[in-house]
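Below you'll find the structure, written out as structure tokens, and then a few comments.
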Amino acid sequence: MIVWPLVMLLATCALSADWDFARIGRLAEQLYGTSRDGRERLTSWQRLLQEQVGASEAEQLEAVNRFFNLRLRFRDDIELWRVRDYWATPVEALHLGAGDCEDFAIAKYFSLRQLGVPSDKLRITYVKAVRLNQAHMVLTYYPHPTATPLVLDNLIDAIEPANRRTDLVPVYAFNGEGLWLPGSGGGKKVGDSKRLSRWQDLLKKMRAEGFP
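When you line the sequence shown up against mature numbering (1 follows the signal peptide of the UniProt record, and there is no 0), it's residues -16 to -1, 1 to 196, in that order.
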């Protein structure tokens, strides 16, 4: 078994019983190989989560959005994975230090969920980026169910209300509990995220990495 150099540090300051970063670190090296930079990014992620425990949701949104926008370089799936569409886990993205738009959104989603932001406030939202004329993905945060959501985006660092992001046209949104079509009052729930095969594949990979 590979002995991760930071195991002792991570074991003493694991964020919670659910996320055992010592085990996640060992499994990451077994699955993806040894990467000093990857270790450092994973440790920085753990530190971010520890520092944000007890902060307001607004502070957590800012910190998580800033962290991933700074730590990950944008690279498309063809370049990283040699396939047209691949949903990376946060660990995969941090190991490489890169990802495309859905990888940013996914990493922010799971980080905020771990910090205690309720799932009904967070949706991973598939949009059309008008200026780029291409599909794009962002994380949206609803302060309350019928509120105009805030948009966490890798294209810009500012977190802005969706009604100011006229460059984005929503197509559908999902989280761990459901699937929505856009509309007033938070949109219309149309099904379960189990319908999304890539989401299910993502959860399977995260379980293999040591997440519950």
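Glycine residues also receive a C-beta, built at the ideal position from the N, C-alpha and C atoms. These numbers come from a predicted model, not from an experiment.
According to DSSP, residue i sits in a beta bridge with which residue or residues?
{"i": "residue 164", "result": "157 and 173"}
{"i": "residue 118", "result": "113"}
{"i": "residue 82", "result": "57"}
{"i": "residue 107", "result": "124"}
{"i": "residue 152", "result": "113"}
What residue from the options has the CA that sits closest to residue i's CA?
{"i": "residue 53", "options": "143, 104, 154 and 180", "result": "143"}
{"i": "residue 84", "options": "43, 194, 103 and 138", "result": "138"}
{"i": "residue 28", "options": "58, 70, 95 and 68", "result": "95"}
{"i": "residue 72", "options": "196, 193 and 186", "result": "186"}
{"i": "residue 82", "options": "166, 60, 109 and 179", "result": "60"}
{"i": "residue 8", "options": "21, 26, 127 and 132", "result": "26"}
{"i": "residue 18", "options": "88, 76 and 169", "result": "76"}
{"i": "residue 153", "options": "167, 112 and 141", "result": "112"}
{"i": "residue 108", "options": "165, 191 and 67", "result": "165"}
{"i": "residue 32", "options": "50, 42 and 20", "result": "50"}
{"i": "residue 133", "options": "114, 115 and 157", "result": "157"}
{"i": "residue 86", "options": "58, 179 and 42", "result": "58"}
{"i": "residue 161", "options": "46, 41 and 102", "result": "102"}
{"i": "residue 125", "options": "190, 41 and 177", "result": "41"}
{"i": "residue 38", "options": "100, 115 and 140", "result": "100"}
{"i": "residue 180", "options": "110, 194 and 169", "result": "110"}
Any idea if residue i is buried or exposed, counting beta-carbon neighbours within 10 angstroms, 16 or more meaning buried?
{"i": "residue 122", "result": "buried"}
{"i": "residue 259", "result": "Any property of residue 259 remains undetermined from this structure, which presents the chain solely from -16 to 196."}
{"i": "residue 34", "result": "exposed"}
{"i": "residue 12", "result": "buried"}
{"i": "residue 117", "result": "exposed"}
{"i": "residue 69", "result": "exposed"}
{"i": "residue 119", "result": "exposed"}
{"i": "residue 149", "result": "buried"}
{"i": "residue 1", "result": "For residue 1, the pLDDT reaches just 47, beneath the cut-off of 50, and the residue's location in the model is therefore unreliable, leaving the point undetermined."}
{"i": "residue -13", "result": "Its pLDDT being 37, under 50, residue -13 is placed unreliably in this model, and the value from its coordinates should be taken loosely. Per the 10 Å Cβ criterion, buried."}
{"i": "residue -4", "result": "With a pLDDT of only 40 at residue -4, under the threshold of 50, the placement of this residue in the model should not be trusted; the figure read from the coordinates follows. With fewer than 16 Cβ atoms within 10 Å of its Cβ, residue -4 is classed as exposed."}
{"i": "residue 48", "result": "buried"}
{"i": "residue -9", "result": "Note that residue -9 scores 35 on pLDDT, short of 50, meaning its location in the model is unreliable and no value can be drawn from it."}
{"i": "residue 23", "result": "buried"}
{"i": "residue 74", "result": "buried"}
{"i": "residue 171", "result": "buried"}
{"i": "residue 90", "result": "buried"}
Throw me the rounded Cβ distance for the residue i and residue j pair, which I believe falls under 8 Å.
{"i": "residue 136", "j": "residue 92", "result": "5 Å"}
{"i": "residue 106", "j": "residue 147", "result": "18 Å between Cβ atoms; not a contact."}
{"i": "residue 183", "j": "residue 98", "result": "So it is not a contact: roughly 17 Å between Cβ atoms."}
{"i": "residue 174", "j": "residue 163", "result": "6 Å"}
{"i": "residue 224", "j": "residue 88", "result": "Within the shown structure, residues of the chain are numbered from -16 to 196, placing residue 224 beyond reach of any answer."}
{"i": "residue 30", "j": "residue 36", "result": "About 11 Å; that fails the 8 Å criterion."}
{"i": "residue 192", "j": "residue 15", "result": "7 Å"}
{"i": "residue 141", "j": "residue 115", "result": "Rounded, the Cβ-Cβ distance is 17 Å, inconsistent with contact."}
Regarding residue i and the ligand FMN, is the C-beta to nearest heavy atom distance less than 7 Å?
{"i": "residue 117", "result": "The ligand FMN is absent from the structure shown, which contains no ligand whatsoever."}
Exercise. Please go through the stretch 33 to 67 and give each complete alpha helix (DSSP H) segment of 4 or more residues, from N-terminal end onward.
Key: 41 to 55 and 61 to 65
Quiz item: What residue ranges within the stretch 118 to 150 form continuous beta strand (DSSP E) runs of no fewer than 3 residues, ordered along the chain?
Solution: 118 to 125 and 134 to 136
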